[in-house]
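S.K.: Okay, here's the structure, questions in a sec.
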Amino acid sequence: MKQKKLDIMQQKGSGFKVPEGYFNTIEDAILSEIKTEKFPNTSGFSVPDGYFESLEQIVNSKLIIDQLPDKEGFNVPKDYFDSIEDTIFTKLGKETLSVNSKEIPKDYFDTLEDRVFARLKDENIEKETKVISLGARIRKVWVPIAVAASLVLIFMIGYNDGSDTGLNDVATAEVDQWIEEDLINLDSYEIAEVFSDIELASGDVSGDDDELLNYLNGTDVESMLLEN
4 MKQKKLDIMQ QKGSGFKVPE GYFNTIEDAI LSEIKTEKFP NTSGFSVPDG YFESLEQIVN
64 SKLIIDQLPD KEGFNVPKDY FDSIEDTIFT KLGKETLSVN SKEIPKDYFD TLEDRVFARL
124 KDENIEKETK VISLGARIRK VWVPIAVAAS LVLIFMIGYN DGSDTGLNDV ATAEVDQWIE
184 EDLINLDSYE IAEVFSDIEL ASGDVSGDDD ELLNYLNGTD VESMLLEN
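Take the sequence shown: its letters are residues 4 to 231, numbered as in the working numbering.
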């Protein structure tokens, strides 16, 4: 009896049937289902935080930028490159003139030494030791003394000869006046003849006038003249 039922059920089937080609597409169907479950149920787009709060400012900025001209704001003047070479050379010429104006004059160092010494001489002229030439020294000091000594000698000779020379009445003040007013002139050669035994050094003689006068004041001029 049982065997009979099984045969009948086997003939009728289980009531389930696998679609045709089911196993050929089962792998793709499973993978597609898995991917769908992984993605969230969204459209894939989201609005940034605070987007609508700053949207107006962004739109206005974009409008301002669009209204600006499509230029950099700089342009080359007309014919600029045609005259740029002349402009550069003109500029270089001016700079060259400016540099050359500071050059050292020609022969500057050839005369530098003379100009330096001349400048130093002018600055130190007041500090230099006073130098009086031998001729000037004789004219200033020895000539008046020699004149006075000559007058004394003439007076003594005339007195010894017993002749009246007319100089007895000549006052000393008058003789001094003659000397001061250069009424009696003697050159250096005449003085050298009187003092032939005295060797005078040539060249310039430097010294103090007061020392020379003190020496002469302490010398017996009359004795010197009589000895000569």
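The beta-carbon is built from N, C-alpha and C at its ideal position, and this holds for glycine as well.
Looking at the structure shown, is Val208 part of a helix, part of a strand, or coil, going by DSSP?
M.R.: Because the pLDDT at Val208 is just 48, under 50, the model does not fix this residue reliably, and the point stays unresolved.
S.K.: Helix, strand or coil, according to DSSP, for Gly24 in the structure here?
M.R.: Coil, per DSSP.
S.K.: Measure the alpha-carbon distance for Asp52 versus Leu58 and round it to whole angstroms.
M.R.: Those two C-alpha atoms are separated by around 11 angstroms.
S.K.: Leaving out the 5 sequence neighbours to the left and right, which residues in its chain are closer than 7 angstroms to Ala121 when beta-carbon positions are compared?
M.R.: Correct list: empty, nothing qualifies.
S.K.: Could you compute how far the alpha carbon of Lys65 sits from the alpha carbon of Asn78?
M.R.: Computed Cα separation, rounded: 25 angstroms.
S.K.: Output yes if chain B places a C-beta closer than 8 angstroms to the C-beta of Lys97; else output no.
M.R.: Any reference to chain B falls outside this structure, which holds one protein chain only.
S.K.: Skipping 5 residues on each side, what residues in its chain have a beta carbon closer than 8 angstroms to that of Asp69?
M.R.: Excluding positions up to five away in sequence, the list is empty.
S.K.: By Cβ distance below 6 angstroms, which residues in the same chain neighbour Pro22 in space, the five residues on each side in sequence not counted?
M.R.: Correct list: empty, nothing qualifies.
S.K.: Any idea what DSSP makes of Lys109, helix, strand or coil?
M.R.: Correct three-state label for Lys109: coil.
S.K.: Starting from Glu59, trace the alpha helix (DSSP H) both ways and give me its first and last residue.
M.R.: Glu59 -> alpha helix (DSSP H) spans 58-70.
S.K.: Could you check the C-alpha separation between Lys38 and Gly24 for me, to the nearest Å?
M.R.: The alpha-carbon atoms of Lys38 and Gly24 are separated by roughly 23 angstroms.
S.K.: Please report the straight-line C-alpha distance between Pro80 and Glu116, rounded to a whole angstrom.
M.R.: Roughly 57 angstroms separates the two Cα atoms.
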